[in-house]
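With mature numbering (1 follows the signal peptide of the UniProt record, and there is no 0) as the guide, the letters of the sequence shown map in order to residues -28 to -1, 1 to 334.
As structure tokens, the structure follows; a few thoughts come after it.
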Amino acid sequence: MEHYSSSSSFGRIITFVVVLVVLQGGRAKGGTKLRKNESILAIQAFGDSFLDTGNNNHLISITKCDFPPYGRDFLGGKPTGRFTDGKVFSDLFAEALGVKELLPSYHDKELQMKDLETGLCFASGGSGYDPLSSKINQVIPLSDQIKLFKDYKRKLKRGVGERRAKNIIDNSVFLISSGNNDILFSYFSTNLRRFHYDVPSYTDLLVNFASQFFRELYDLGARKFVVLNTSPLGCLPFSRTIGGDIVRDCANEYNEAVKMFNHKLSSHLTLLTQQLPHSTMVYIDFYNPFLDIILQPITYGFEVSKKGCCGTGLLETAILCNKFSPGKTCADSSQYVFWDSLHPTELASKAIVSKLIPQLYH
């Protein structure tokens, strides 16, 4: 970035614009958009628990949810490894884009070739751009999600032939959600990164990790990227409990870090669009629509947004959200923005996705 003298009026204008963008949570749109008539044959999902549809089920980790009450409102009422009561964002994106109703996980034991032809979920709840996040949570890092995708490509080629497989990859949307566990856990909750980095330097590190990941996917044939920015972490029930004040207001320190990272991520996606030929990098503002529902739940038909449905709703998530959790899991999750202390209910996710889909297109 060029340096401008403080005496320059133009410099002051640029500074004002940059500050305004940061304060708005990274609303500036990085990269480009999809065309409305664009062919989308498959969805490939990478990242964290907002997208994970069951990849953690086989892991020895506390970051999993293949047990009740998770999946209570899912088809058949059974837990599948989705971190909510029903469908997650990857399912809802796949459905909204007309690909399929559910996005199966790479580790789904009942996968058929038709599932591979329309894409899979490689995401792992608890992972992040920062490899440390996956180590903390004992889950699948992005580097290993890349390995799973390579294996998927080999299986796809064997099943449909090289030409057809290439066409599927060329016309896949690569949906990515990450950064949430990095800022919430690796930086704030555990302080492990905080000992060595301040917020500006850590968000720079995250952008570097993210860039490396995007480039690796590009080298494997990814061309259509849809990247969700990081969510309003400070207003999640978990964050209100551990980082908010006595009345559990939003933890503003968390949100300020998120806004800084989102702005840098947006700018970097614009740069990558210029550097990676024939790539489409769609930056999705996840932060503000999610925050709006949290702060104005009544407007969207919800009653509770400061705690989750599961248990007390204050801290329970993953293995702590179970049928033995203290407190009583709510009877009607449709009244709640959050299912557990970190993840929205299916109904809230649908409301958020309705605000995200229009951002995909010109």
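Cβ atoms here follow ideal geometry from the backbone N, Cα and C, with glycine treated the same way.
In this text, all values refer to a predicted model and were calculated from it rather than measured experimentally.
- With contacts defined by Cβ atoms closer than 8 Å, residue 20 and residue 91 do not form a contacting pair.
- For residue 277, the enclosing beta strand (DSSP E) starts and ends at 276 to 280.
- For the set 266, 254, 108, 225, the Cα lying nearest the Cα of residue 239 is the one of 254.
- Its Cα nearest to that of residue 205, the residue 267 stands out among 298, 188, 173, 267.
- For residue 22, the CB contacts under 6 Å within the same chain, skipping 5 residues up- and downstream, are 61, 149 in chain order.
- Residue 207 sits in a helix when the DSSP states are folded into three classes.
- For residue 176, the closest of 210, 236, 219 by C-alpha to C-alpha distance is 236.
- In the DSSP secondary-structure assignment, residue 6 is bridged to 333.
- For residue 19, the enclosing beta strand (DSSP E) stretches over residues 14 to 19.
- For residue 71, no beta strand (DSSP E) encloses it, and the DSSP letter there is neither H nor E.
- In its chain, beyond the 5 residues on either side, 128, 129 have a beta carbon closer than 6 Å to the beta carbon of residue 137.
- For residue 146, the enclosing beta strand (DSSP E) starts and ends at 144 to 149.
- For the pair residue 44 and residue 57, the CB atoms are nearer than the 8 Å cut-off.
- Residue 252: not part of any alpha helix (DSSP H); member of the beta strand (DSSP E) spanning 252 to 256, first to last residue.
- Positions of the alpha helix (DSSP H) runs, each at least 4 residues long and wholly inside the stretch 179 to 235, are given as 209 to 215 in order along the chain.
- With a beta-carbon spacing of about 16 Å, residue 37 and residue 48 fall beyond the 8 Å limit used to define contacts.
- For residue 308, the enclosing beta strand (DSSP E) covers residues 308 to 310.
- Ranked by Cα distance from residue 107, the first of 304, 93, 31 is 31.
- According to the DSSP assignment, residue 295 belongs to no alpha helix (DSSP H), since it is labelled neither H nor E.
- Listed as beta-bridge partners of residue 93 by DSSP are 17, 77.
- By the Cβ neighbour-count rule, residue 212 is buried, with 16 or more other Cβ atoms within 10 Å of its own.
- Counting along the chain, residue 32 sits inside no alpha helix (DSSP H), nor does DSSP assign it H or E at all.
- When only Cα atoms are considered, residue 164 and residue 101 end up about 15 Å apart.
- Nearest to residue 291 by C-alpha distance, out of 16, 41, 18, 13, is 41.
- About 11 Å separates the Cβ atoms of residue 146 and residue 65, ruling out a contact at the 8 Å cut-off.
- In the three-state reduction of the DSSP assignment, residue 316 falls in the strand class.
- With contacts defined as CB atoms closer than 8 Å, residue 39 and residue 294 qualify as a contacting pair.
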